[in-house]
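Chains as they are written, first to last, in the UniProt record's numbering: chain A, 1 to 239; chain B, 1 to 239. Heads up, the beta-carbon is just placed ideally off N, CA and C, and yes, glycines get one too. Below you'll find the structure, written out as structure tokens, and then a few comments.
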DNA sequence: GAGTGGTCTAGACCACGAT
DNA sequence: TCGTGGTCTAGACCACTCT
């Protein structure tokens with residue numbers, strides 16, 4: 001939120017110092033020295049506590065590392081839990097070309113399960129979006145996404161986007177938090193036909209409840225061809 | 001109030017204030033007010049910047065939340081990515097009784113795949129621990145864990161623990177970071193026999209590379225009965 | 001108007017690392 | 001010895017909330 005003030009001419013001093021140091025430091029190799037606190041005091045004509053406030057923020061961010069008696073240095077990037085990735089991003093990471101074919105996109109009344117997951121009342125309007133997704137032209141998965149229409153009015157009318165997560169991000173609603181469940185199963189007849197499998201072939205089922213802040217924005221169920229898809233994830237955080 | 005501080009002979013002032021506030025605040029309901037900064041200034045006879053340093057630390061920890069013009073309050077606990085949980089913890093969470101039967105526990109020479117994953121050289125000594133794991137007396141999964149023997153000397157001789165993660169934790173090596181891969185498959189004949197399945201039944205395969213700090217401490221492959229196991233996980237972090 | 005947190009100053013002394 | 005970050009002081013003004 002402080003960042004918003006940078007565009008204004010009257011940015012807070014500690015923000016000015018922080019952003020100045022950030023530009024110096026982004027892209028620099030881990031271990032490179034940052035300016036010393038006293039150097040920044042002279043450069044900006046501010047008190048040392050102000051400089052420390054600026055540097056503190058960057059240290060908390062994980063961008064800088066202080067070493068008493070030596071100085072302040074660019075920190076080695078910390079490993080943290082994965083950002084939630086969209087299907088497009090996932091496939092791009094694997095070097096595959098993602099494609100999507102909308103099978104269904106309409107308003108529905110929320111059933112009991114979807115209503116509970118989306119934190120809405122049964123019968124409330126939700127958007128149901130079903131897509132067959134391919135990678136390098138081969139069927140990969142079928143995804144049923146349910147969205148809370150109250151949060152994204154006019155979504156269906158605005159033309160369906162390529163990437164759901166990009167569309168949500170444009171509205172400030174990209175999920176940053178998700179509860180997932182994953183299990184192994186076999187394909188139903190309908191699924192097998194769409195995925196070009198024989199019924200009974202192995203599939204991976206993935207359910208997600210994705211939230212942005214306090215709001216549940218997405219509930220989805222995806223069924224993947226097990227022979228083409230292995231889920232990768234990183235969990236935990238470096239101490 | 002001084003009573004709390006007696007344990008520390010020469011604690012730093014901001015640490016004294018921080019720990020005093022922490023004791024007041026732990027267990028308090030989210031939204032409860034913390035002492036105001038000026039109140040702490042008077043109580044401890046310190047400068048306000050010192051109090052702010054103390055409170056800043058608790059805010060960064062996620063314990064407190066500042067609301068300008070109103071005060072400082074106990075924060076609602078933040079959602080963060082799951083701690084890495086052991087099998088025992090996972091089953092306990094589901095209300096099931098975990099059991100483990102060691103099928104194999106010995107030193108081996110690392111093969112190419114395990115060596116690469118564990119960051120050791122091919123042929124280095126590794127510990128291979130294979131267990132059949134049950135939940136409420138029913139077969140649940142087979143786990144093959146590989147451990148870097150250099151990090152845990154005497155592990156095999158010390159008697160096998162019930163929980164690998166507890167044993168690693170006792171050595172300061174509990175993984176806090178993992179790279180996982182998950183896919184769906186069918187049981188092999190050997191797996192089917194141990195898991196009391198028919199060959200070809202659905203299973204969930206889970207591979208993990210778990211690290212503590214910079215060290216890779218655990219590489220494991222686990223095969224779960226799909227009819228009894230659904231993986232749950234939480235990803236991302238609240239913004 | 002009183003109280004709160006947010007920002008900021010202009011100094012100070014300390015422990016520690018490098019030279 | 002000199003420079004570094006770590007700690008600390010005793011004030012100040014601001015914007016904001018609550019009553």
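Problem set entry | Contact under 8 Å by Cβ, residue 130 (chain B) with residue 103 (chain B) | yes
Problem set entry | Listed by chain order, chain B residues near residue 176 (chain A) by CB distance under 9 Å | 236, 237, 238 and 239
Problem set entry | Beta carbon of residue 202 (chain A) nearer than 8 Å to that of residue 226 (chain A) | yes
Exercise. At a CB-CB cut-off below 9 Å, which residues of chain B make contact with residue 179 (chain A)?
Worked result: 232, 233, 234 and 235
Exercise. Can you give the beta carbon distance from residue 180 (chain B) to residue 205 (chain B), rounded, assuming they're within the 8 Å contact cut?
Worked result: Contact doesn't hold; Cβ gap of about 11 Å is too wide.
Exercise. Taking the Cβ atom as the reference point for each residue, do residue 54 (chain B) and residue 25 (chain B) lie within a distance shorter than 8 Å?
Worked result: no
Exercise. Any residues in the stretch 125-156 of chain A with a beta carbon nearer than 7 Å to a beta carbon of chain B? Which ones, in chain order?
Worked result: none
Exercise. Going straight from the alpha carbon of residue 182 (chain B) to that of residue 126 (chain B), what length do you get?
Worked result: 24 Å
Exercise. My guess is that residue 216 (chain A) and residue 118 (chain A) are in contact by the Cβ rule of under 8 Å, so how many angstroms apart are they, rounded?
Worked result: 5 Å
Exercise. Just how far apart, CA to CA, sit residue 29 (chain A) and residue 43 (chain B)?
Worked result: 45 Å
Exercise. Is the stretch 138-151 of chain B touching the stretch 107-123 of chain B in the sense that three or more CB pairs, one from each, lie closer than 8 Å?
Worked result: yes
Exercise. Are residue 223 (chain A) and residue 193 (chain A) close, meaning C-beta to C-beta below 8 Å?
Worked result: no
Exercise. Does the beta carbon of residue 202 (chain B) sit closer than 8 Å to a beta carbon anywhere in chain A?
Worked result: yes
Exercise. So what's residue 101 (chain A) in DSSP terms, helix, strand or just coil?
Worked result: strand
Exercise. Cα-Cα, which of A:46, A:157 and A:34 is closest to residue 14 (chain A)?
Worked result: A:46
For this session: Starting from residue 236 (chain A), follow the beta strand (DSSP E) in both directions and report where the run begins and ends.
Result: 231-236
Exercise. Quick one: what does DSSP say residue 150 (chain B) is sitting in, helix, strand or coil?
Worked result: coil
Problem set entry | Close-in-space but distant-in-sequence residues of the same chain around residue 207 (chain B) (CB under 6 Å, 5 per side omitted) | 181 and 221
Exercise. Considering residue 202 (chain A), what are the terminal residues of the beta strand (DSSP E) in which it resides?
Worked result: 202-212
For this session: Reducing DSSP to helix, strand and coil, say where residue 4 (chain B) ends up.
Result: The predicted position of residue 4 (chain B) is uncertain, since its pLDDT is 34 and thus under 50; a value taken from the coordinates is nonetheless stated next. Three-state result, residue 4 (chain B): helix.
Exercise. Would you say residue 170 (chain A) reaches chain B, if we count a Cβ-Cβ gap shorter than 8 Å as a contact?
Worked result: no
For this session: Find out if the Cβ-Cβ distance for the pair residue 210 (chain A), residue 161 (chain A) is shorter than 8 Å.
Result: no
Problem set entry | Separation of residue 114 (chain B) from residue 122 (chain B), as counted between CA atoms | 8 Å
For this session: Count the other C-beta atoms from every protein chain shown that fall within 10 angstroms of the C-beta of residue 49 (chain B), then say buried if there are 16 or more, exposed otherwise.
Result: exposed
Exercise. Taking the continuous alpha helix (DSSP H) assigned at residue 166 (chain B), which residues delimit it?
Worked result: 164-170
Exercise. How about residue 98 (chain B) and residue 87 (chain B): are their beta carbons less than 8 Å apart?
Worked result: yes
Exercise. How close, in whole Å, do the beta carbons of residue 142 (chain B) and residue 195 (chain B) come, if the pair is a contact with beta carbons under 8 Å?
Worked result: 7 Å
Exercise. Do you know how far the Cα of residue 106 (chain A) is from the Cα of residue 156 (chain A)?
Worked result: 7 Å
Exercise. When the Cα atoms are used, what is the spatial distance from residue 197 (chain B) to residue 31 (chain B)?
Worked result: 51 Å
Problem set entry | First and last residue of the uninterrupted alpha helix (DSSP H) at residue 223 (chain B) | Note, residue 223 (chain B): premise wrong, no alpha helix (DSSP H); beta strand (DSSP E) at 215-225.
For this session: Could you tell me if residue 120 (chain B) is buried or exposed, where buried requires 16 or more neighbouring beta carbons within 10 angstroms of its beta carbon?
Result: buried
For this session: Would you list the one or two residues that DSSP bridges to residue 81 (chain A)?
Result: According to DSSP, which records beta bridges pairwise, residue 81 (chain A) is partnered with nothing at all.
Problem set entry | Under 8 Å by beta carbon: chain A residues contacting residue 49 (chain B) | 49
For this session: Could you check the C-alpha separation between residue 244 (chain A) and residue 139 (chain A) for me, to the nearest Å?
Result: This structure cannot settle anything about residue 244 (chain A), because the visible part of chain A is limited to 1 through 239.
Problem set entry | Strand pairing of residue 106 (chain A), partner residues [DSSP] | A:128
Problem set entry | Buried or exposed (CB count within 10 angstroms, at least 16 for buried), residue 27 (chain B) | exposed
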